[in-house]
Amino acid sequence: MDEALALHAGPQAKRTPFAPRKRHGELEKQYLNEVIDSDTLFYYFGTKVFELQKKFAEMYGRRYGIACSSGTAAVHIALGALELPPGSEVITSPITDMGTVTGMLYQGLIPVFADVDAETLNMDPRSVAQRITNRTRAIVAVHHAGLAVDVEALAALGLPVIEDCAQAFGCEYKGRLAGTFTPISTFSLNHFKHITCGSGGMVLTDDERLRYLATLFADKCYQREEGIRNPYFLAPNYQMTELQGAVALAQLRCVGEIAAARNRLGGRLSALLERIPGITPQAVPAGCKHSYFLYLFRLEREVLGCTVEEFSEALAAEGIPNDARTITGGRPVYLYDVFQKRSAFPGSDYPFSLTDRIYRPGDCPVAEAAFDSWITMNVYETYTDTDLEEIAAGVQKVAQYFAVRNLWTRTVSAGVAV
Ligand SMILES: Cc1ncc(COP(=O)(O)O)c(C=O)c1O
């Protein structure tokens, strides 16, 4: 391939437009109309949120679903249901959305970040084991990008585990859906997820006590089931409305198809990309079924000799949307100001003051290095084989350009040195 980069005024590798992706349709309209006709948007007087909870739980083969207003709320609710005392440490991933840790801080819990595996960017169970102290009370296991973390190895550490499945609809580990391995698991229905109701979340459990506590935690600790109003712990209002419930219920019908399509397309794209020198797709461990919330690949910097930003810019110019910063915005979560400045609650350094835990650059070297070498893209369920071929052609074109430039620079500098 000898064409100039699009960045240098050559033709774009993406020659045909991506197909439009329409996410909502007639069923959403029908359910929304039913809600409006019912004249109540409040979940407890309506039917849609209750039906969503039932169907969602059934889809995962779990007994109970507790709907809520976001994935952030869902993790907070799960932590609340586990009744962890303030000052407890909770181990999680440094490559995740802030929503994984927000609820920890509100509960006075101390997030502890374990390093990730260099090939998958999922939490490394060996690093998690090393971070356990006598204060550790739970693990929040993030299934990052739609690829299952080694949840059995994490569960074997003997602590309560919450699976954060916000990115992991339809993702499988050892032949079973992620979200079915631990006593309590959480999901997000925000705009970016496989399915969405604008903003929403779900907690799943088989345990009646966890269900009860989660239900209270999502709703100001009002004991609606007993007709009592006497809150006995602090709980926010994380209710899902009937409007969100209606859309989420309609969306459930296509989640299986979306995850299956992304699995197929992501697998195909990897088969195309892994042949390109300097490019390594995210590894999919045996027994895992990736549902590609995000598609990730790594640049072999010794081969390409470019920065991840240079590669990303050249690829975007080829008509291939991508991100050099991963979902955390270019740094691991513990390097956000809220941790570095201990400013969760301005005017105090609570909850960090409850322990002597300090967050420093270098805490998770593998995660930190990932920000210099990984590219993130979407592989939407609407992509065609042509889209995949053109994406692969674009990656190949950009990789080849940088590989040749790198070889040339090395040769010249070797020549000068001689
Ligand atoms: C892993 C993970 N956990 C939690 C959340 C928070 O979900 P929400 O945005 O619905 O609050 C997200 C959202 O991106 C996420 O990716």
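Per my numbering, numbering of the sequence shown is gapless, rising by one per residue and ending at 444. In this text, a Cβ means the ideal position worked out from N, Cα and C, and glycines have one as well. Model, not experiment: these values are computed from the prediction.
In this structure, how does DSSP classify residue i when only helix, strand and coil are distinguished?
| i | result |
| --- | --- |
| G356 | coil |
| K367 | coil |
| L58 | helix |
| V310 | coil |
| R47 | coil |
| Y258 | coil |
| V444 | Summary for V444: the model assigns pLDDT 44, below 50, so the residue's position carries little reliability, and this model does not support an answer. |
| Q249 | strand |
| T162 | strand |
| R324 | strand |
| D65 | coil |
| D382 | coil |
| D413 | helix |
| K40 | coil |
| N348 | coil |
| E115 | strand |
| N263 | strand |
Measuring only the C-alpha atoms, how far is residue i from residue j?
| i | j | result |
| --- | --- | --- |
| A140 | A395 | 14 Å |
| F397 | P391 | 10 Å |
| T206 | Y86 | 7 Å |
| T128 | L242 | 19 Å |
| T231 | Y90 | 5 Å |
| R202 | Q193 | 16 Å |
| F428 | A30 | 12 Å |
| L260 | G106 | 9 Å |
| A100 | K367 | 26 Å |
| P311 | T146 | 8 Å |
| P137 | I346 | 36 Å |
| A287 | K200 | 19 Å |
| P307 | K81 | 35 Å |
| Q422 | Y318 | 21 Å |
| V75 | T222 | 14 Å |
| V444 | R383 | Its pLDDT being 44, under 50, V444 is placed unreliably by the model, and the measurement read from it follows with that caveat. The straight-line gap from Cα to Cα measures roughly 51 Å. |
| G226 | C94 | 6 Å |
| G304 | S153 | 28 Å |
| D65 | G97 | 27 Å |
| K219 | Q270 | 14 Å |
| L110 | P209 | 15 Å |
| F337 | V424 | 7 Å |
| A35 | C314 | 41 Å |
| L433 | C197 | 40 Å |
| K40 | G420 | 7 Å |
| R279 | A285 | 12 Å |
Locate the beta strand (DSSP E) running through residue i, then write down its first and last residues.
| i | result |
| --- | --- |
| G91 | Y90 to C94 |
| P303 | Taken as a continuous stretch (DSSP letters only), P303 belongs to no beta strand (DSSP E), as it is neither H nor E. |
| T402 | W400 to M403 |
| F139 | I136 to F139 |
| V334 | Premise fails: V334 lies in the alpha helix (DSSP H), V334 to A343, not in any beta strand (DSSP E). |
| T122 | Neither: T122 is in no beta strand (DSSP E) and is coded neither H nor E. |
For the alpha helix (DSSP H) holding residue i, just list the boundary residues, first then last.
| i | result |
| --- | --- |
| L330 | R327 to L330 |
| P151 | P151 to R157 |
| P79 | Note that residue 79 is Gln in the sequence shown here, rather than Pro. Q79 -> alpha helix (DSSP H) spans K74 to M85. |
| H102 | G97 to A107 |
| P391 | P391 to A396 |
Using a beta-carbon distance below 7 Å, is residue i in contact with chain C?
| i | result |
| --- | --- |
| Q133 | Included in the structure is just one protein chain, with no chain C present. |
Would you check if there are 3 or more beta carbon pairs closer than 8 Å linking the region 400-411 to the region 286-302?
yes
Give the list of continuous alpha helix (DSSP H) stretches no shorter than 4 residues that lie fully inside the region 164-240.
177-181
Across the region 149-161 and the region 245-256, are there enough close Cβ pairs to call them in contact, namely three or more that are closer than 8 Å?
no
Stretch-stretch touch, CB-based, cutoff 8 Å, three pairs: the region 351-360 with the region 325-333
no
Between the region 36-54 and the region 254-271, are three or more C-beta pairs nearer than 8 Å?
no
Would the region 119-126 count as touching the region 233-242 if we require 3 or more Cβ pairs under 8 Å?
no
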